[in-house]
Amino acid sequence: MEYSEIMVRYGELSTKGKNRKEFIRQLGQNIRNVLKPFPAVVVKAQRDRLHVVLNDQPAQPVMDALQQVFGIETFSPVVKLPKDASLADIQQTAKQMIKEQYQPGQTFKIATRRQNKNYPLNTYGIDDGVGSYILEAIPGIRVQMKHPDINLQIDVRLSGIYLSSITIPGALGLPVGTGGRATMMLSGGIDSPVAAYLAMKRGVKVDMIHFFSPPYTSQQALAKAKDLAAKLAAFGGTIDFIQVPFTKVQEEVKKRVPEGYLMTIQRRMMLRLAAAITIDRHCNGVFTGESLGQVASQTLESMRAINDVTSLPVLRPLISLDKTEIIKIAREIDTYDLSIMPFEDCCTIFTPPAPKTKPDLEKTREFEKLVDVDGLMQEALAGIEVTKINVGDDYLNSQEDVFAELL
Amino acid sequence: MIYFDNSATTKVDPAVLATYNQVSEDYWGNPSSLHNFGEKADQLLIQSRRQIASQLGVQPAEIFFTSGGTEGDNWVVKGTALAKRQFGRHLITTQVEHDAVKHSMQRLEELGFEVTYLPVDEEGRIRPDDLRQAIRSDTILVSVMAVNNEMGAVQPLAEVAEILRDYPKIHFHVDAVQGIGKGLHDLIFNDRVDFATFSGHKFHAPRGVGFIYGRTGKKLMQFLDGGGQERGQRSGTENLPAIAAMAKAVRLLKQNEPQTVATEHELRLNLRDYLQRFAKVHIFSGTGPHFAPHILCFAIEGVKGETIVHAFEEDDIYLSTTSACSSKKGLTSSTLSAMGVDPEIARGAVRISLSDQNTMAEVEQFKRVFAKLYEQFKTLS
C-alpha cells in the first residue's frame, strides 16, 4: 500500500491547557529531528493531530522512527484522496487497504466522518457504499460494529479524503523537552540507561554525566557509555555527554578514608560534582539509576548519607523496580547488550570488600573532612569534556573505516 | 596449469590472502580478551559477521562461524536431532547428499533415529511428491542440498519449501556448500529455509573456515562446549584471520556473482557441446536452470575415471573423479548410482568444476588434449 502520510495522535496533551501549544511545538520539533534521515518528509504539527506527509517516502522506516518518540499516543498510516474523489475511488482504496490486513474469518467496519458538507454523499451513503462493496469484493469477510478486527476510517475533509485502517500504539509519555532539563548520572551498567529512558519519557531533556577513572577504567568503558547515550538519543535527539575525570578523587578518598566509608564518600563526591554541573547548566535535578536495596549504596540509610550533599531533587525512576523488570526495559530499548559488556566502570573499581550498608550520617561527615573536597571538586570540574552525541553514533566500533578496507 | 577441480577446493584469492595476513599481523589478539588489543579483534569479528550477514541479506545473529562444510552439516543434522528428539525421531534427506550429511544421518540411525532417503530422478533431482509422502508427524528435519557436488543438479528447494510451509516445526536445512555465488540466492535463502551450510574454501577463502546460517528462534543443540563463543553455540577461540578473510571473499563473491555465473555458464556450455560429439562420452549434467553453472560430469565408456584424471594430469590439467572426498576410496559415485546410471558407465565418471578464474583459452586447450586422449582410449578399449 502506498501511503501518503502518517497521522499522529497526541498523548496526554488534552489535560495540559495553556501549555498545549508548547507541547505540540516541541513534539513537532522532536519528530523533525528523528526524521532527519528522510529529507522529503514534511511534518505539520496542528492543533488536534500531527501530520507526517511522506512525499513518496516509504511509510515503514518513518513509522519505525516515530515509534520511539515520546508524546505520541497512536499513529496511523493514511492514504489521502482528492477532496472530490468519487465513491468508486474510495471503494478501490478501501479494498486494497483491507485486503492487505485481512485474515480469513475477520470482521470489519466502515466509520465515516464528514467535515466537508459539500461532498455529494453523506456519511451513511459512504459507509453503505464502501461497506457493501467490500462485502462483495472480499469473500468471507463479515461486518461487525462493535470491536471489529479491521476498522476502516474515512475522513471527508475540506483538504481531502483520508482513509486509514491501522492504529499503531506510540511510545506514550511526554515530548522530550517539555519536562524541563536535568542531568543523569550514566555509569555504563544496565540501570542508568533505563532510568534515563524513563526520565525522557516524562518529557525531561537529560544531559549525561559520566565519571571515568583512567587508567583504572578503560577507553572502551568510556566508549561504551557514549554508545549507550547514542542509543538513548533515539528517544529525544542529540544528547550532551559530559565526561568528568574522577581518578584523583577516587585515589584521594581511598588513601584517606576508612574502608567502610570509602564507597559512601566516593558517592557523595560524585553527587556533589553532578550537582555543580547541574546548576552550571541551568538544569533542575539529577536522575540516577538507583533501585532500592540493590547494592550497598542503594539502601535508604546510604541514600540519606549520600543525598546529604545537595538540596537539588535527586530523582530515581527505578527506585522500586526489580532487576528483572529493569532488564526487560533495557532489552526493549536495546541498551542491554551494550550494558553487559564487561568493562569496569568507576563505580566498580575501588569497592571495598565490605562497604557499610548503613553508614552513619554524622560519621560520614566527619570522615569526609579528611579529604580536600573543594580542591578535588575544582580539579575535576576543570577537566570536564562535553561531546554532542547523536543517534547512530558508534564509539566502540570506531575502527569501521580501517576494517572496511580490510574486509 | 589448468585447474578444473574447483568444487574440491578453490585457490585463495590474493586480496583475501592479504586480509588473512594482515589480520594475523595486526589483530592477532583473542576476541574474548578484555584488553583493548583483544577488543579490537572482537570488533573486527563483529564487523566480519555483519558484513557476511548484510551481503546475504540476513541478520548478524543468524551467522555462526564454523570450521567448514563438514562441521556445519554435522552440527545442523545432529544438533537438530538432539535439540528436537522429544518431538520425534524421524529425519528426511536425499540419496545424493554429501557424506557430511549422509554419514551424520547414518550415525543417528545407530542411535535410534529413523531416516528416509529420498530417491532422485534421472536428472539427479528429488521429486517433491516423494517428500510429501515421506513426512510424518514425528519428522523433525528435512535436509536437502542446494547443488549436487558430483554432477551439479540443483534441487527443487522452492517446492520443498512450499511443502514444508505446512510443517513449520520441521527444521529445513540446505547444504549450500556448492551453491553459494552461483546465482541461486533466492532459492537458498527462501523464507522457509531454517539452516544453511557454507564453506570458505569453495569460494576463494582459506580452508578450515565456514559458517552456518541459522534462522532466529530455531534451536540446535550447541556444537562445542567451552568458553561460550558464538553465543554459547560453538565454543573455541575464533579463527579471526580466516573469518575476516572469508568475509572479504563473500563480498567479492557477491559483487562478482552475475559475471561469474555468466562466465562459468558459457565455459560449461561450450565444453558440453564439444563433449557431446564423442560417441563414447556420456554426460550426466544437463542444461538449463536445474543445473549449477560450474559443474560438468561425464564419463567415457570403458575407461575408468581415475585413468582419465591421471591422463589429463600428464598435460597439467586437473579434474576429478566425481567427488574429491570419495575418489581416493575408489568408490563409484553414489549420486550416479542413485540416478540409475549403469555402474559400468558410472565407473568412468569424471567431474570438471569451474571457477570465475577459468578462461575460454583453457577450455580450448582442454579440448585439444581431450581429442588426443580420446583417440588413445579408443584403442585401449
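Heads up: the sequence lines are chains A and B, in that order.
One gets the working numbering by counting positions in the first sequence from 1 and adding 37 to each.
The second sequence: position 4 = 2 (the working numbering), numbered continuously.
By construction, the Cβ of each residue, glycine as well, lies at the ideal position given by its N, Cα and C atoms.
- Quick one: complete beta strand (DSSP E) runs, 3+ long, within the region 353 to 428 of chain A? 422 to 426
- Task: Determine the contact status of Thr315(A) and Thr220(A), defining contact as a CB-CB distance below 7 Å.
- Result: Numbered from 1 along the first sequence, position 278 holds the residue referred to as residue 315(A). Numbered from 1 along the first sequence, position 183 holds the residue referred to as residue 220(A). It is a contact, given that the beta carbons lie within the stated cut-off.
- Query: So, do the region 222 to 237 of chain A and the region 363 to 375 of chain A have three or more beta carbon pairs nearer to each other than 8 Å?
  - Reply: yes
- Taking Leu189(A) as part of the beta strand (DSSP E), name the residues at either end of that continuous run. As a working note, residue 189(A) is residue 152 in the first sequence. Taken as a continuous stretch (DSSP letters only), the beta strand (DSSP E) holding Leu189(A) covers Ile187 to Arg194.
- Item | Residues near Pro239(B) by beta carbon distance below 6 Å, same chain, minus five either side | For the purposes of this step, residue 239(B) is taken as the residue at position 241 of the second sequence. Answer for Pro239(B): Tyr18, Val21 and Ser22, listed in chain order.
- Task: Using a Cβ-Cβ cut-off of less than 7 Å, give me the residues of the region 232 to 258 of chain A that come near chain B, in sequence order.
- Result: Ser255, Gln256 and Gln257
- Message: Is it buried or exposed, Gln374(B), if we count other Cβ atoms within 10 angstroms and call 16 or more buried?
- Response: As a working note, residue 374(B) is residue 376 in the second sequence. Under this definition Gln374(B) is an exposed residue.
- Item | CA-to-CA distance, Leu418(A) to Gly108(A), given in whole angstroms | Walking along the first sequence from the start, residue 108(A) turns up at place 71. Walking along the first sequence from the start, residue 418(A) turns up at place 381. Between Gly108(A) and Leu418(A), the C-alpha separation is close to 35 Å.
- Message: In this structure, how does DSSP classify Met219(B) when only helix, strand and coil are distinguished?
- Response: Residue numbering aside, residue 219(B) sits at position 221 when the second sequence is read from its first letter. Of the three classes helix, strand and coil, the one that applies to Met219(B) here is coil, per DSSP.
- If we count the other Cβ atoms within 10 Å of its Cβ and call it buried at 16 or more, is Met143(B) buried or exposed? Taking the second sequence and counting its residues from 1, the one referred to as residue 143(B) is at position 145. When all chains shown are included, Met143(B) counts as buried.
- Task: Could you spell out where the beta strand (DSSP E) holding Lys81(A) opens and where it closes?
- Result: Within the first sequence, the letter at position 44 stands for residue 81(A). Lys81(A) -> beta strand (DSSP E) spans Val79 to Ala82.
- Query: Does the region 256 to 270 of chain A come within contact of the region 191 to 206 of chain A, defined as at least 3 CB pairs closer than 8 Å?
  - Reply: no
- Proximal chain B residues relative to Asn434(A), where beta-carbon distance stays under 8 Å: Counting from 1 along the first sequence, the entry for residue 434(A) is found at position 397. Under the 8 Å cutoff, chain B gives Gln41, Ile44 and Gln45.
- Give the interface partners of Glu437(A) over in chain B, defined as CB-CB distance under 7 Å, in chain order. Mapped onto the first sequence, residue 437(A) falls at position 400. Under the 7 Å cutoff, chain B gives Gln45.
- Message: For the pair the region 282 to 295 of chain B and the region 171 to 187 of chain B, tell me if three or more CB-CB distances fall below 8 Å.
- Response: yes
- Message: Just verifying my parser: in three-state terms, what is the DSSP assignment at Ile227(A)?
- Response: Locating residue 227(A) in the first sequence gives position 190, where the first residue counts as 1. Ile227(A): coil per DSSP, three-state reduction.
- Message: For Met134(A), tell me which candidate among Ile377(A), Asn188(A) and Asp165(A) has the shortest Cα-Cα distance.
- Response: As a working note, residue 134(A) is residue 97 in the first sequence. Of the candidates Ile377(A), Asn188(A) and Asp165(A), the one whose C-alpha sits nearest the C-alpha of Met134(A) is Asn188(A).
- Task: Sort out for me which residues DSSP pairs Asp277(A) with in a bridge.
- Result: Taking the first residue of the first sequence as 1, we reach residue 277(A) at position 240. Asp277(A) pairs with Lys425(A).
- Nearest chain B C-beta to Leu443(A) closer than 7 Å, yes or no? Here residue 443(A) corresponds to residue number 406 of the first sequence, with the count starting at 1. So, interface residue.
- Message: Please identify, using Cβ separations under 8 Å, the residues of the region 260 to 289 of chain A that lie next to chain B, in order along the chain.
- Response: none
- Query: Considering Leu89(B), what are the terminal residues of the beta strand (DSSP E) in which it resides?
  - Reply: The residue labelled residue 89(B) in the question sits at position 91 within the second sequence. Run containing Leu89(B): His88 to Thr92, per the beta strand (DSSP E) assignment.
- Any Cβ of chain A within less than 7 Å of the Cβ of Thr17(B)? As a position in the second sequence, residue 17(B) is number 19, starting the count at 1. Closer than 7 Å: yes.
- Task: Using a Cβ cut-off of 7 Å (strictly closer), state whether Phe60(A) contacts chain B.
- Result: Looking up residue 60(A) in the first sequence gives position 23. No - not a single Cβ of chain B is within 7 Å of the one on Phe60(A).
- Message: Strictly below 7 Å CB to CB, what residues from chain B border Pro379(A)?
- Response: To locate residue 379(A), count along the first sequence from 1; it is residue 342. Within 7 Å Cβ-Cβ: Leu32.
- Query: With C-beta atoms as the reference, is Ile178(B) less than 7 Å away from Val207(B)?
  - Reply: The residue given as residue 178(B) occupies position 180 in the second sequence. The residue given as residue 207(B) occupies position 209 in the second sequence. In this structure, Val207(B) does not lie closer than 7 Å to Ile178(B) by Cβ.
- Query: Can at least three beta-carbon pairs, one atom from the region 338 to 357 of chain B and one from the region 258 to 270 of chain B, be found at a separation below 8 Å?
  - Reply: yes
- Task: Only counting runs of 3 or more residues, tell me where the beta strand (DSSP E) segments fall wholly within the region 80 to 144 of chain B, in order along the chain.
- Result: 88 to 92, 112 to 116 and 137 to 143
- Message: Cβ closer than 9 Å: which chain A residues qualify as neighbours of Arg249(B)?
- Response: Taking the first residue of the second sequence as position 1, residue 249(B) is located at position 251. Under the 9 Å cutoff, chain A gives Leu444.
- Enumerated in chain order, which unbroken segments of the alpha helix (DSSP H) with a length of 4 residues or greater are wholly contained in the region 304 to 376 of chain B? 322 to 325, 332 to 336 and 341 to 344
- Message: Between the region 70 to 86 of chain B and the region 114 to 126 of chain B, can you find at least three pairs of beta-carbon atoms closer than 8 Å?
- Response: no
- From Ser197(B) to Asp3(B), what does the alpha carbon distance come to, in whole angstroms? Here residue 197(B) is taken as the residue at index 199 of the second sequence, counted from 1. Here residue 3(B) is taken as the residue at index 5 of the second sequence, counted from 1. Between Ser197(B) and Asp3(B), the C-alpha separation is close to 16 Å.
- Task: Can you say whether His88(A) is buried or exposed, counting buried as having 16 or more other CB atoms within 10 angstroms of its CB?
- Result: By 1-based counting over the first sequence, the position of residue 88(A) is 51. Label assigned to His88(A): buried.
- Message: Under 8 Å: do the region 81 to 97 of chain B and the region 166 to 173 of chain B share three or more Cβ pairs, one atom per stretch?
- Response: yes
- May I ask you to report which of helix, strand or coil DSSP gives Met245(A)? By one-based count along the first sequence, residue 245(A) stands at place 208. Correct three-state label for Met245(A): strand.
- Task: Over the uninterrupted beta strand (DSSP E) stretch that includes Leu147(A), give me the two end residues.
- Result: Mapped onto the first sequence, residue 147(A) falls at position 110. The sequence shown places Ile at residue 147(A), not Leu. Run containing Ile147(A): Thr144 to Arg151, per the beta strand (DSSP E) assignment.
- Message: Nearest by alpha-carbon distance to Asn34(B): which of Glu381(A), Ser224(A), Arg151(A) and Ala148(A) is it?
- Response: In the second sequence, the residue the question calls residue 34(B) occupies position 36. Considering only alpha carbons, the answer is Glu381(A).
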